[in-house]
Each structure stands twice: as structure tokens, then as C-alpha cells.
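Structure, as C-alpha cells:
Numbering (the working numbering), first residue to last: 281 to 570.
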């Protein structure tokens, strides 16, 4: 009888333990499903925000990305959180809210750098799902996110006339884009660095950077028409600032051909025509250019 009671107790104990174990498994699976569903929703919001941003619906994009950010933070998806902050920085910058842009970009930069130091924290790549060009690998994704964030911070500092800091941020960004062989972003960073040097009236440095950017944009593997047009326009601006009006005119005319034949951007074409008119007007007075 005693042995039977012991056996019955053991069986009962095993049944209870098994029930608890199964309940825990079910609970864990439910939590996993909830996290997966939340991440899918956050990823969708991130994509929706990108569409709104490119449609110039900046306020709507901010609201959408803020929703995405809250979800990523709730499920502790640090990679998604960093990208949501990065995109919020772009939207704030586009709206001229530079202090807000600096704040969220600094947060994104900190997370991107922490992720690189502790690869175990890297989650499934959100930017792979939204088609980001930086998503060739996890390591490259985090490095690219860091570089993009540095670039937006640099642009904000440039607008605030903090030129030395802007150039340092561009330098860091450029180094990363080179190391991960993102030649398109490398060229845009060179172009933006040139704009900062032009703001400092350091025209020769600006011209050198524009020419480097233009060479990359023209390379067969890239052939970025928009990049070529804007590199030429900025080169023309710099020649104009040096009173090299004929040189500026030649460059503007090259940019105009690209706007006419290769890309559909009416504003770019219109503003380039204005630039050509100014160069003609200034050149009729006097010209130190070739």
C-alpha cells in the first residue's frame, strides 16, 4: 500500500510537472508569436513611413515612424529602434527641425555603435525587409546606418554654420562608406563635404571634392544621373563664386543637358536655367575665367 502511494505520488508529480512544462512552452511560444507579430507591424510602419517621406508627407512620416519606434522599443529590437530614429532624423531635417534631428540622430548613432561592439545584440535586419541598399550583411548594415546618421548630423551642423564639426562628421561618414564600398554614398558625402568647404570660401578644396564625386557618379558601374547633375551644379556655383563665369556657364550647360535628357526633375532644370542666365549676365560685365 505504501509503495503504491509512493508510485501514485510520483506519477501525479510527473503529470503536474509535465503540465507546468507544457504550459511554459505554450506561454513562450505565445510570447514569440506576439513579438514576431509586433515586429512585422513595426517593419510595415517603417516601410509606410518611407513611402510618405518620399511623397513629401513629412509630418505623416514622422507620426508613422514614431509608432514604429515605440513598437521596436517595446519588443527590445535595438536594430529596428536605431533605423526608426535614423529615419525620424531625416524627416525632422527635411522640415527644418534641426535640433530635433540632431537629438534623434545622436540616439541612433549611439545604438548603431553599440550594435557593432556587441554583435550578439543584432536582431533580424529591418532594413533588409525595406530594401535598404546597405543590407548586404549585418555588419555592413550597422556600419552603413552609422554612416548615414553621421551624414545627416553633418548636414544639420552645416546649416547651423558649425562647419568644422560638419567636416569632421563627413570625414567619419566618408571613411565608413569607403570601407563598405558604398560608392554612391561615398560620392554624395564628397559632394556634401565640398558644399561645406564652399561655405568657408575654401573654393579649391570644394572643387577637388566635387570632381572626385563627379568621377564616381560617372563610373560605368554607377552612372548616377542625379548625382552627376548636382555635382556639376555645385561645381558651377563654385566657379561663379570665383568670378569664373565662363567656366561656370560651361558646367551649368552640362548639368542642364542631364536634366533634359536623363532625369525628370523640372525644378532642377528650371533652377539651372536661372543659373545659366546669371552666368551670362555676370559674364557680360567681366570675366576672369578661361
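For glycine and all other residues, C-beta sits at the position ideal for the given N, C-alpha and C.
**Q.** Buried or exposed (CB count within 10 angstroms, at least 16 for buried), residue 421
**A.** buried
Q) Just how far apart, CA to CA, sit residue 391 and residue 359? A) 8 Å
Q.
Looking at the secondary structure, which residues open and close the alpha helix (DSSP H) in which residue 487 lies?
A. Per DSSP, residue 487 belongs to the alpha helix (DSSP H) from 483–498.
Q) For residue 531, which residues from the same chain have a beta carbon less than 6 Å from its beta carbon, with the 5 sequence-adjacent residues on both sides left out? A) 512, 515, 516
Q) Do residue 483 and residue 471 come within 9 Å of each other at the CB atom, strictly closer than that value? A) No. Outside cutoff.
Q.
Tell me the residue span of the alpha helix (DSSP H) that contains residue 368.
A. Segment 358–374, the alpha helix (DSSP H) holding residue 368.
(Q) Checking 9 Å against the spacing of the C-beta atoms, do residue 502 and residue 467 come in under that value? (A) yes
Q | DSSP state of residue 409 mapped onto helix, strand, coil | A | Reliability fails at residue 409, whose pLDDT of 29 lies under 50, so the model's placement of it is uncertain and the value that follows must be treated cautiously. In this structure, residue 409 counts as helix in the three-state DSSP scheme.
(Q) Can you determine whether any heavy atom of the ligand SAM sits closer than 8 Å to the C-beta of residue 499, and answer yes or no? (A) The ligand SAM is not part of the structure shown, which contains no ligands of any sort.
Q. Between residue 522 and the rest of its own chain, which residues show a CB-CB distance below 6 Å, the 5 nearest in sequence each way excluded?
A. Taking residue 522 as the centre and dropping the five residues before and after it, the same chain places the C-beta of 483 closer than 6 Å to its C-beta, in chain order.
**Q.** Buried or exposed (CB count within 10 angstroms, at least 16 for buried), residue 537
**A.** Residue 537 should be labelled exposed.
Q: Would you check if the distance between the CB atom of residue 427 and the CB atom of residue 445 is smaller than 9 Å?
A: no
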